[in-house]
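Engineer: One structure, as structure tokens, below. Some questions next.
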Amino acid sequence: MPDVAVLAGPRATRREWTGLAVIALPCLLYSMDLTVLNLAVPHLSAELKPSSSQLLWIVDIYGFLLAGSLITMGTLGDRIGRRRLLLIGAVAFAIASVFAAFSTSAEMLIVARALLGIAAATLAPSTLSLIRNMFLDPKERTIAIGVWIASFSAGGAIGPLAGGILLSYFWWGSVFLVAVPLMAALLVLGPLFLPEYRDPQAGRLDILSVALSLVAVLSVIYGIKRIAEHGLGREAAFAIVFGLAAGAAFVLRQQRLRNPLIDLRLFRSRAFSASLAVNILGFFVAFGSFLFIAQYFQLVLGMEPLEAGLWTVPSAIAFIASSTLTPIVASRVRPAYVMAAGLALAAAGFLVLAGIGGQADLAAIVIGYAVFSFGLAPAFTLATDLIVGTVEPEQAGAAAGLAETSSEFGGALGIAILGSVITSIYRGSMAGLAVDGVTAQEIDAARDTLGGAVAVAMALPDKLGSDLLDKARGAFIQAFNMTAAICVLVVLAAAIFAALLLRNVRAGSDPGQHPTRAATAAEQ
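If you're matching positions, the sequence shown starts at 4 in my numbering and goes up one per residue.
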């Protein structure tokens, strides 16, 4: 593949850079809302008294509808205007947040969380596609995307801290009201600093394509989450197969439509397809590792949620710093090599985690967590830059939707597979557990999960409880080490993949190399 030339576009003005700060507001909120609910679960459970099934839906419905709606919202922004969709989403998110904060039943909160997920799906594709059109100079666009990526990490770090403070002084619903002033600020500042963009030649939105994409993404992610929670069963397998069938029908329909929801010619670009793949692999290890590190902090080290949240701050700072530095490095070194070097560094961070022992290794886990976060940031920043940079500006919304969907899919896959691995190793290590004075039912609970073992140990006399905890924590640490070792292999594979498939791609893109334009020229 020949080198993709970098053509400098018009330089951004102060208005565009101020607009970037405005764009950061919904990005902060997007990731805050993913994390803040976890702290509120015990409080809302005490007041609303949801069943176990209802509690599961309260937690999961937001992510399900967010992931399922991203492709549609990205394409819808291309048709009705990216700024308009962003502002509509801001109004919907604020209203749904108030609805959630004052929910009086589990059913009401589930509906509110579902509406929040749909509203949130307008935020990331709209903001990313606006960046694509606001920053036409490739180097400036890479910087802007670095800031965009960093704002998500900042929101993820702020979420647990803000939630912990609010829950210390107010009722559980207060965590949702944080969205209201941020969305109000966006509604005021957005029309002042964000330009409007849409595809002037976009056709009508195909409703059947929307339905097929929603069913495909929701079914596959639901099946993956079921596997993570309950193992491979009939329901999970059916959901995944059904989702794949819907996905195949979606692809066939796009090939026949004059104005498809997604132009499949985008995937003819190696830069586009390979970047999507690297994004999936990166989020696979990121989301999976977040899961088992959170368990380590709280169940092995015995931290409260707020304390555990504070120990994640160094990794968030490392991620933000790396996202900010990446554009500077990428202006001198090709993206493939920056991504590969970052992924290799992430492998070193996971290697530190793979060697962790017991409580004395708090420093090691914080360092390993920060190192792999620093290493993953260049991969996320440059993969996103290449995904939106290799499409025509009119298709930026669709590309942004695909980029975010790949992130959600990779994350769900990581939680399912790595979560299953860590659970399987833990259960294998605990298979021969026998503690005097503990009933068979309690032994089964302790063998199932570390959380179950902690709950059983708390009800036992000191010596018995201490013995059980030592065995359970030892088994979890062994599983933790093995799972981190798997992450080492995955990120090294991603590094090789990026170095080989993206080695001829420079930061930015030549409009003449856009896959759809090249394909159209070939057809003519």
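Backbone N, C-alpha and C define an ideal beta-carbon position, used for all residues, glycine too.
Take Arg256 and list the residues in its own chain whose beta-carbon comes closer than 7 Å to its own, dropping the five residues that flank it on each side.
Structural biologist: So the list reads Leu211, Ser212 and Leu215, once near-sequence residues are dropped.
Engineer: Have a look at Gly176, Ala475 and Leu389 and flag the residue whose alpha-carbon is nearest the alpha-carbon of Glu50.
Structural biologist: Gly176
Engineer: Here's the rule I'm using: 16 or more other beta-carbon atoms within 10 Å means buried, otherwise exposed. How should Ala366 be labelled?
Structural biologist: exposed
Engineer: First and last residue of the alpha helix (DSSP H) that includes Tyr429?
Structural biologist: Here the alpha helix (DSSP H) through Tyr429 covers Ala399 to Ser432.
Engineer: What are the boundary residues of the alpha helix (DSSP H) that includes Ile296?
Structural biologist: That run of the alpha helix (DSSP H) goes Arg273 to Gln298.
Engineer: Assuming contact is defined by CB atoms lying nearer than 9 Å, are Ala482 and Ile446 in contact in what I supplied?
Structural biologist: no
Engineer: With three or more C-beta pairs closer than 8 Å as the rule, is the region 180-188 touching the region 17-32?
Structural biologist: yes
Engineer: Does the contact criterion of 3 or more C-beta pairs under 8 Å hold for the region 489-505 versus the region 345-358?
Structural biologist: yes
Engineer: Note down the Cα distance separating Ile418 from Val223, rounded to an integer number of angstroms.
Structural biologist: 13 Å
Engineer: Where do the N-terminal and C-terminal ends of the alpha helix (DSSP H) with Ser132 fall, by residue?
Structural biologist: For Ser132, the enclosing alpha helix (DSSP H) stretches over residues Leu126 to Met137.
Engineer: Between which two residues does the alpha helix (DSSP H) carrying Val494 extend?
Structural biologist: Asp465 to Leu504
Engineer: Indicate whether the contact test is met: 3 or more Cβ pairs, each with one atom in the region 268-278 and one in the region 497-504, closer than 8 Å.
Structural biologist: yes
Engineer: Taking contact to mean at least 3 C-beta pairs separated by less than 8 Å, is the region 84-93 in contact with the region 162-174?
Structural biologist: no
Engineer: Quick one: using the 10 Å Cβ neighbour count with 16 as the cut-off for buried, is Ala458 buried or exposed?
Structural biologist: Exposed.
Engineer: Do Leu264 and Thr78 have their C-beta atoms closer together than 9 Å?
Structural biologist: yes
Engineer: Going by the CB atoms, is the gap between Leu89 and Pro29 shorter than 9 Å?
Structural biologist: A contact, by the Cβ cut-off of 9 Å.
Engineer: Determine whether the beta carbon atoms of Leu385 and Met342 lie at a separation below 9 Å.
Structural biologist: Closer than 9 Å, so yes.
Engineer: Taking only three categories from DSSP, how would you classify Ala525?
Structural biologist: In this prediction, Ala525 has a pLDDT of 38, which is less than 50 and means its spatial position is unreliable; nothing more can be read from the coordinates.
Engineer: Return the CA-CA distance between Phe383 and Ile152, expressed in angstroms with no decimal places.
Structural biologist: 8 Å
Engineer: Can you tell me whether DSSP reads Val181 as helix, strand or coil?
Structural biologist: coil
Engineer: Taking the C-alpha atoms as reference points, what is the distance between Ala70 and Thr408?
Structural biologist: 6 Å
Engineer: I need the straight-line Cα distance from Asn507 to Ser272, nearest angstrom please.
Structural biologist: 12 Å
Engineer: Determine the burial state of Asp266: buried for a count of at least 16 other Cβ atoms within 10 Å of its Cβ, exposed for fewer.
Structural biologist: Asp266 should be labelled buried.
Engineer: Can you check which of these residues, Ala401, Phe173 and Leu284, is closest to Gly413 by C-alpha distance?
Structural biologist: Leu284
Engineer: Within a Cβ cutoff of 8 Å, which residues of the same chain sit near Leu241, ignoring the five residues on either side of it in sequence?
Structural biologist: Note that residue 241 corresponds to Phe in the displayed sequence, not to Leu. Taken in chain order, the residues that qualify are Gly226.
Engineer: From Ile161, Thr130, Gly162 and Leu139, pick the residue whose C-alpha is nearest to that of Val150; which is it?
Structural biologist: Thr130
Engineer: To the nearest whole angstrom, what separates the beta carbons of Phe196 and Thr21, a pair I think is in contact under 8 Å?
Structural biologist: About 5 Å; that satisfies the 8 Å criterion.
Engineer: Could you check what DSSP says for Pro194 in three-state terms: helix, strand or coil?
Structural biologist: helix
Engineer: State the DSSP-derived secondary structure class of Ser76, mapped to helix, strand or coil.
Structural biologist: Residue identity check: residue 76 is Met in the sequence provided, not Ser. Looking at Met76 - three-state DSSP - the assignment turns out to be helix.
Engineer: According to DSSP, simplified to helix, strand and coil, what is Val458?
Structural biologist: The displayed chain sequence assigns Ala, not Val, to residue 458. Helix, per DSSP.
Engineer: Roughly how many angstroms separate the alpha carbons of Trp314 and Val369, rounded to a whole number?
Structural biologist: 7 Å
Engineer: Is it the case that the Cβ atoms of Ala122 and Ala99 are separated by a distance below 9 Å?
Structural biologist: yes
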